[in-house]
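*Asks:*
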Amino acid sequence: MFYPTYGIDTAGRKGLPPFNHPGAPVQGVELKPTALNSAKVHRLNGDTKDIAVPALQPSRKISRETLINRLNFLHFQSADLTVLLVHRQNGRNLRLTALPQACVDENVTCVWTAPLPEGVARGDFELLHLEVPHGHHILQVEIRQAKLTAEELQCQLPEVCKELTSRRIRRHFCNDITVSVIQNGAVFDGTLEDFNASAFRLTLQAKPPQTFQWLKTEEPLTVNFSAAGQTLLSSPGLLLRSYGQRDRHTVVITPAQSQQRRFPPKKHRTRRLELSPAPEAVFTHPLTRQLIRLDVIDLSGAGMAVAEAPQEAQLLPGMLIDCLELRLADSFSLTCQAQVVYCQSASEEETPATLRCGLAILDMDVADHTRLMALLHRAENRHKGVCPRIDLDQLWEFFFASGFIYPEKYQSLQGYRDQFRATYAKLYDSTPEIARHFIYQEQSRIVGHMAMLRQFSNSWLIHHHAADRNHSRTAGLDILQLVGEAVNESQALYSTHMDYVMCYFRPDNRFPQRIFGGVANHYDDPARCSVDTFAYFHYHKEFDLKWKDGGPWELAPAKEDDLLDLEAFYRNRSGGLMLQGMDLTAEQQDATSIQESYRKAGFQREQTRFALKREGRTVAIFMALRTEVGLNLSNLTNAITVIVMDNKALPREAFFTAVSLLAAQYPQSEVPVLTYPVDYAESQAIETEKLYNLWVLDCRHLDPYFEFCSNYFKRMRRAKDESSS
Numbered sequence: 092m093f094y095p096t097y098g099i100d101t102a103g104r105k106g107l108p109p110f111n112h113p114g115a116p117v118q119g120v121e122l123k124p125t126a127l128n129s130a131k132v133h134r135l136n137g138d139t140k141d142i143a144v145p146a147l148q149p150s151r152k153i154s155r156e157t158l159i160n161r162l163n164f165l166h167f168q169s170a171d172l173t174v175l176l177v178h179r180q181n182g183r184n185l186r187l188t189a190l191p192q193a194c195v196d197e198n199v200t201c202v203w204t205a206p207l208p209e210g211v212a213r214g215d216f217e218l219l220h221l222e223v224p225h226g227h228h229i230l231q232v233e234i235r236q237a238k239l240t241a242e243e244l245q246c247q248l249p250e251v252c253k254e255l256t257s258r259r260i261r262r263h264f265c266n267d268i269t270v271s272v273i274q275n276g277a278v279f280d281g282t283l284e285d286f287n288a289s290a291f292r293l294t295l296q297a298k299p300p301q302t303f304q305w306l307k308t309e310e311p312l313t314v315n316f317s318a319a320g321q322t323l324l325s326s327p328g329l330l331l332r333s334y335g336q337r338d339r340h341t342v343v344i345t346p347a348q349s350q351q352r353r354f355p356p357k358k359h360r361t362r363r364l365e366l367s368p369a370p371e372a373v374f375t376h377p378l379t380r381q382l383i384r385l386d387v388i389d390l391s392g393a394g395m396a397v398a399e400a401p402q403e404a405q406l407l408p409g410m411l412i413d414c415l416e417l418r419l420a421d422s423f424s425l426t427c428q429a430q431v432v433y434c435q436s437a438s439e440e441e442t443p444a445t446l447r448c449g450l451a452i453l454d455m456d457v458a459d460h461t462r463l464m465a466l467l468h469r470a471e472n473r474h475k476g477v478c479p480r481i482d483l484d485q486l487w488e489f490f491f492a493s494g495f496i497y498p499e500k501y502q503s504l505q506g507y508r509d510q511f512r513a514t515y516a517k518l519y520d521s522t523p524e525i526a527r528h529f530i531y532q533e534q535s536r537i538v539g540h541m542a543m544l545r546q547f548s549n550s551w552l553i554h555h556h557a558a559d560r561n562h563s564r565t566a567g568l569d570i571l572q573l574v575g576e577a578v579n580e581s582q583a584l585y586s587t588h589m590d591y592v593m594c595y596f597r598p599d600n601r602f603p604q605r606i607f608g609g610v611a612n613h614y615d616d617p618a619r620c621s622v623d624t625f626a627y628f629h630y631h632k633e634f635d636l637k638w639k640d641g642g643p644w645e646l647a648p649a650k651e652d653d654l655l656d657l658e659a660f661y662r663n664r665s666g667g668l669m670l671q672g673m674d675l676t677a678e679q680q681d682a683t684s685i686q687e688s689y690r691k692a693g694f695q696r697e698q699t700r701f702a703l704k705r706e707g708r709t710v711a712i713f714m715a716l717r718t719e720v721g722l723n724l725s726n727l728t729n730a731i732t733v734i735v736m737d738n739k740a741l742p743r744e745a746f747f748t749a750v751s752l753l754a755a756q757y758p759q760s761e762v763p764v765l766t767y768p769v770d771y772a773e774s775q776a777i778e779t780e781k782l783y784n785l786w787v788l789d790c791r792h793l794d795p796y797f798e799f800c801s802n803y804f805k806r807m808r809r810a811k812d813e814s815s816s
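Residues 92 to 816 in this note's numbering are what the sequence shown lists, from first letter to last.
1. Could you check the C-alpha separation between H792 and P377 for me, to the nearest Å?
2. Bridge partners of N315, per DSSP?
3. Whole angstroms are fine: how far does the CA of D386 sit from the CA of R418?
4. Here's the rule I'm using: 16 or more other beta-carbon atoms within 10 Å means buried, otherwise exposed. How should A749 be labelled?
5. Excluding the 5 residues flanking L331 on each side, which residues of the same chain have their C-beta closer than 6 Å to its C-beta?
6. Which term fits Y501, buried or exposed, when burial requires 16 or more other beta carbons within 10 angstroms of its beta carbon?
7. Pull up the distance between the alpha-carbon of P603 and that of C448, whole angstroms please.
8. Distance check for D285 and V538, CA to CA, integer angstroms please.
9. Roughly how many angstroms lie between the CA atoms of T461 and L716, to the nearest whole one?
10. Out of curiosity, what's the CA-to-CA distance linking L655 and S391?
11. Out of N198, G210, E209 and F164, point me to the one whose CA is closest to Q236's CA.
12. Buried or exposed: where does L382 fall if 16 or more other Cβ atoms within 10 Å of its Cβ makes it buried?
13. From V762 to A526, what distance separates their C-alpha atoms?
14. Measuring CB atoms only, is the segment 173-191 touching the segment 213-226, in the sense that at least three cross pairs come out at less than 8 Å?
15. Could you give the distance in angstroms between the alpha-carbon of S548 and the alpha-carbon of S684?
16. What number of angstroms, rounded off, separates the C-alpha of A755 from the C-alpha of Y433?
17. Within a Cβ cutoff of 7 Å, which residues of the same chain sit near A126, ignoring the five residues on either side of it in sequence?
18. For S154, collect the residues of the same chain with a Cβ closer than 8 Å to its Cβ; drop the 5 residues on either side in sequence, then sort them by chain order.
19. Can you give the beta carbon distance from F713 to L703, rounded, assuming they're within the 8 Å contact cut?
20. Taking only runs of the beta strand (DSSP E) that begin and end inside the segment 502-547, which ones reach a length of at least 3 residues, in chain order?
21. What do you get for R806, buried or exposed, if any count of 16 or more other CB atoms within 10 angstroms of its CB means buried?
22. Would you mind sorting S493 into buried or exposed? The rule is 16 or more other CB atoms within 10 Å of its CB.
23. Cutting at 6 Å between CB atoms, please list the residues of its own chain near V622, excluding the five before and the five after it.
24. Using the three-state DSSP reduction, which class does T282 fall into: helix, strand or coil?
25. Confirm, please, whether the CB-CB distance from M395 to S586 is below 8 Å.
26. If distances are taken between C-alpha atoms only, which option among G210, R508 and D520 comes closest to R480?
27. Helix, strand or coil for F694 per DSSP?
28. Quick one: give me the first and last residue of the beta strand (DSSP E) that S621 is part of.
29. Give the single residue among A618, N802 and L741 whose Cα lies nearest to the Cα of P643.
30. When the Cα atoms are used, what is the spatial distance from V592 to E678?
31. What first and last residue would you give for the alpha helix (DSSP H) that runs through N184?
32. With DSSP run on the structure shown, which of helix, strand or coil describes S493?
33. What does the alpha-carbon distance come out to for the pair G721 and E706?
34. CB-CB under 6 Å to F797, same chain, minus the five flanking residues each way: which ones, in chain order?
35. Could you tell me the alpha carbon to alpha carbon distance between E576 and Y757, rounded to whole angstroms?
36. Let me make sure I understand the geometry here. Which of H263, N738 and A659 has the alpha-carbon closest to that of T379?
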C-alpha cells in the first residue's frame, strides 16, 4: 500500500498554516534563481516548517502558452502555487504559497498567501523555482528576473518548463471538516487538512490535561468526520506519525479497514447487472465538496459498484453520500442516499489499474426504486415487468381466463364492479407508492401476475397471484420468484416500510399451501415466519345495536393494557408475527406516514382498534380496517378482524353485537369478518364461509425463504420438463 509522504507538499494546496512572524515591511529583494539540489529534511522553529525537496522524475517539456493557461486557471479558481527557496548558507529549504494573478505574457505576479518569514525578507534565501499544480503532475518553472516584496513576487516565465510526476495518489484538500479522534476513551478534536485513500492528515488540539503522548501508534483508534453537525464518516485507523507543538499537532492516520458492513450478511444477495451503456454515479463529495462522476460497473436494487482511478482515489469505506444521482441517460436519473462499503482492486476481467468501490443504497424514494427495479428486471429478462403500464381490459380478461376470479368470487364482487374498475385504474395507471404489481408476459400476453399493497405501517400484503397455465407452464413460479427478488431488494430501505410481508391463502389451495406453508415449516420458527388461521364470513348488516346479552359490556378504543393482554394471549397461543404485522402491539405505530401515502394515491384508509370488555376484563380485540372497495378482490383490506382471548367469556350474541356496532361504519351492506382463533367460531356455531391462513414473514431473515424456494422451484421445473418431454 502506498502511503503519501506527508510533510511534502507537491500539489500546491490552499490554506497552509500562516507564518506567525510579524515581519516588518521589507523593500524589494532581488532573488537569484539557483539549480535544484537534493537536500535533507530540515525543520524551522515555530509554525513555519521546511519541507524536503521531493524526488520528482521529469517526463516532458511544457510550453509557455500551456503554462500561462494553467496559471490563469489557478487564478480563476483562487488556487495557489508553491515557491521553493533554499537558504544561502545551510542549504535548508523553505516552501511558500502564493496566488498567481491573471497573466497574458511572460510576466507574472504572485501574491503571498501569508506574511513573509523574516529570513526571506532579509535576503537569506535564494529562489529555486515555482511549482505549479497540474493534476497528478507538477510544472517546475525556472523563472527569470525575480523580484520579491512583502506583498508579492514578480518574475518572467521561461519558454518551456518541466512536467514532473509528483505522487502515485493525489491528495485532496478540505475546508470546514471537523474531526474527533478517539482512542482508549481520550477524545482529541480538530480539523481535516487533506486526505487520500491511504491516509488522513489532521490538525488536532490538546485540551489540558491532555497530551499527545496519549495517542499510541500501536493501538487502534476511531476518527469521526463531520460538517455542520452531520456525521460524514466514521473510520477506524492507526496513527502513523504525529508532530507539532505541545497543544497543537499534525497527525497522519491510515484507515485500518477496506470494508465496512452496512447490513447484516446474507447468503442470498441481490443480483447485480452490467448495463450498457454504463450508468453514471454523480454526487458531491462530502469531504471536498467537489462534484464527482464515476462509471457504474454493475448495479442492483440494493447497491452498485463504481470504478475509480487509483491515483484519484477518494472514496473511503464508511463514507456517507447524502444525495447520489444515478444517471442512466440524460432524461432518466434516480437519486438515493448511499454509503461506501468497500474499496478493492478490480478483477482482471475489468478495466486494469482500476479500483472497484461498492456502495450500498441506504434509502431511495419509493417511486424511484420501483423504476430502478423495473429497469433491472427488464434488462435481465424481457418477459418480466415491475409496475409496467398495462391494458386493464387485458388484465381483467387474464383474471377471468386464469380462474383467479372464479364464479363464487365473482358473485360476491359483481355488485361493485364499477368501483373495482375505478380502483384498479388508479392502482395500475399512476403507480402509487402504496402498491406494486408484477407481470410475466409472453408474446405481449399476460401469463403471470402478482401484486403487493402496503396494508399496515410496516407490512406489505402479497396478493392476487394468478397464472395462465394454458399458455405458460412456469409463469406462476416465475412471477413468485420475481416478487421474492423485489422484496429482497426493497426490505432494507426505510422509505419502503417493508419490515414484514404477509399473505392470505386458503388451506385447501394446494399451490400456496406448498409454497407459503412449506416456507413456514422450513423456518420452524414462528418468530421469523408464522401461519395463523382465521374463520371468514360476511356479516349482513342488521343495524341492531342493542346488547342481547345481559351484563356490563363495554366496547371502547383499545388501550395499552388491553394490547399487552393481547400480546400475552397470542404469545402463548402462537408466538408468531401476526400482531407485529397488523399493528396490534402495545407499541403504537405512527399511522401518519401510511395515511399520507394513501391520501397522495387518492385512497382513504382508517384503522381503529377496540377492546371488548366484560366487567372490566378484556375478552376480545376488534380491528376495523376501512379502505377502498377493490384494493383486494376478496376485500380482506376492508374488513373487521376479531381476536378472541377467552372463548368461554364471549357469547355469540355479544360477539355479533360488537360486530354490528363496527359494521355500521362501512358503507357496503355486507362486511367481511375474520375471526381468530378458529375454534371460537366453532364453539359458538358461527356459520363461516371459508378458512384463511395468514402467513407473515420477517424480512430481516430471508435466507431460509430463498433456500426453500430455490429447491422447490428446481423440483417443479424438473417435473414440468419431464412431463412435457
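Even glycine gets a Cβ: it sits at the ideal position worked out from N, Cα and C. Every value quoted in this text rests on a predicted model; they were computed, and no experiment measured them.
*Replies:* Let's see:
1. Sequence index remark: in the sequence shown, residue 792 carries index 701 (1-based). Sequence index remark: in the sequence shown, residue 377 carries index 286 (1-based). Rounded to whole angstroms, H792 to P377 spans 33 Å at the Cα level.
2. In the sequence shown, the residue the question calls residue 315 occupies position 224. DSSP, once it has assigned bridges, lists S271 and S325 as partnering N315.
3. Working through the sequence shown from its first residue, we reach residue 418 at position 327. Working through the sequence shown from its first residue, we reach residue 386 at position 295. If I take the Cα positions, the gap works out to 10 Å.
4. By one-based count along the sequence shown, residue 749 stands at place 658. Buried, since its Cβ has 16 or more Cβ neighbours within 10 Å.
5. By one-based count along the sequence shown, residue 331 stands at place 240. Around L331: V343 and T345.
6. Within the sequence shown, residue 501 is the residue found at index 410, counting from 1. It counts as exposed.
7. As a position in the sequence shown, residue 603 is number 512, starting the count at 1. As a position in the sequence shown, residue 448 is number 357, starting the count at 1. Whole-angstrom Cα-Cα distance: 41 Å.
8. Residue mapping note: residue 538 aligns to position 447 of the sequence shown, counting from 1. Residue mapping note: residue 285 aligns to position 194 of the sequence shown, counting from 1. The alpha-carbon atoms of V538 and D285 are separated by roughly 58 Å.
9. As a position in the sequence shown, residue 461 is number 370, starting the count at 1. As a position in the sequence shown, residue 716 is number 625, starting the count at 1. Looking at the two C-alpha atoms, the distance is approximately 27 Å.
10. Here residue 655 refers to the residue found at position 564 of the sequence shown. Here residue 391 refers to the residue found at position 300 of the sequence shown. Looking at the two C-alpha atoms, the distance is approximately 41 Å.
11. Walking along the sequence shown from the start, residue 236 turns up at place 145. Looking at the Cα atoms, N198 is the closest of the given residues.
12. The residue you call residue 382 lines up with position 291 of the sequence shown. Exposed: under 16 other Cβ atoms inside 10 Å.
13. For the purposes of this step, residue 762 is taken as residue 671 along the sequence shown, with counting starting at 1. For the purposes of this step, residue 526 is taken as residue 435 along the sequence shown, with counting starting at 1. Each residue's Cα considered, the two are about 23 Å apart.
14. yes
15. Here residue 548 refers to the residue found at position 457 when the sequence shown is read from its first residue. Here residue 684 refers to the residue found at position 593 when the sequence shown is read from its first residue. Near 7 Å, if we compare the C-alpha coordinates of S684 and S548.
16. By one-based count along the sequence shown, residue 755 stands at place 664. By one-based count along the sequence shown, residue 433 stands at place 342. Distance between the alpha carbons of A755 and Y433 is about 58 Å.
17. Translated into the one-based positions of the sequence shown, residue 126 becomes position 35. With a pLDDT of 36 at A126, under the threshold of 50, the modelled position of that residue is not reliable, and the figure given next carries that caveat. Same-chain partners within the cutoff: there are none.
18. Translated into positions along the sequence shown, residue 154 becomes position 63. E250 and V251.
19. Taking the first residue of the sequence shown as 1, we reach residue 713 at position 622. Taking the first residue of the sequence shown as 1, we reach residue 703 at position 612. Right, the Cβ-Cβ distance comes to about 6 Å (below 8 Å), so this counts as a contact.
20. 526-533 and 536-547
21. To locate residue 806, count along the sequence shown from 1; it is residue 715. Under this definition R806 is an exposed residue.
22. Here residue 493 refers to the residue found at position 402 of the sequence shown. Its Cβ being crowded by 16 or more others within 10 Å, S493 is buried.
23. If you number the sequence shown from 1, residue 622 lands on position 531. Answer for V622: A611, N784 and W786, listed in chain order.
24. In the sequence shown, counting from the first residue as 1, residue 282 sits at position 191. Reduced to three states, the DSSP call for T282 is strand.
25. Taking the sequence shown and counting its residues from 1, one reaches residue 586 at position 495. Taking the sequence shown and counting its residues from 1, one reaches residue 395 at position 304. No, the pair does not count as a contact, with Cβ atoms beyond the cut-off.
26. Sequence index remark: in the sequence shown, residue 480 carries index 389 (1-based). With distances taken between Cα atoms, R480 lies closest to D520.
27. Taking the sequence shown and counting its residues from 1, the one referred to as residue 694 is at position 603. Coil, per DSSP.
28. Your numbering for residue 621 matches position 530 in the sequence shown. Element bounds for S621: C620 to H631.
29. On the sequence shown, position 552 is the one that residue 643 refers to. Checked all of A618, N802 and L741; the closest Cα to P643 is L741.
30. Against the sequence shown, residue 592 aligns to sequence position 501. Against the sequence shown, residue 678 aligns to sequence position 587. Rounded to whole angstroms, V592 to E678 spans 19 Å at the Cα level.
31. For the purposes of this step, residue 184 is taken as the residue at position 93 of the sequence shown. Premise fails: N184 lies in the beta strand (DSSP E), N184 to P191, not in any alpha helix (DSSP H).
32. Within the sequence shown, residue 493 is the residue found at index 402, counting from 1. DSSP places S493 in coil when its eight states are reduced to three.
33. Within the sequence shown, numbered from 1, the residue matching residue 721 stands at position 630. Within the sequence shown, numbered from 1, the residue matching residue 706 stands at position 615. Their Cα atoms are separated by approximately 39 Å.
34. For the purposes of this step, residue 797 is taken as the residue at position 706 of the sequence shown. The answer, listed in chain order, is H359.
35. The sequence position of residue 576 within the sequence shown is 485, counting from 1. The sequence position of residue 757 within the sequence shown is 666, counting from 1. Roughly 37 Å separates the two Cα atoms.
36. Reading the sequence shown from its first residue, position 288 is the one you call residue 379. Per the Cα distances, H263.
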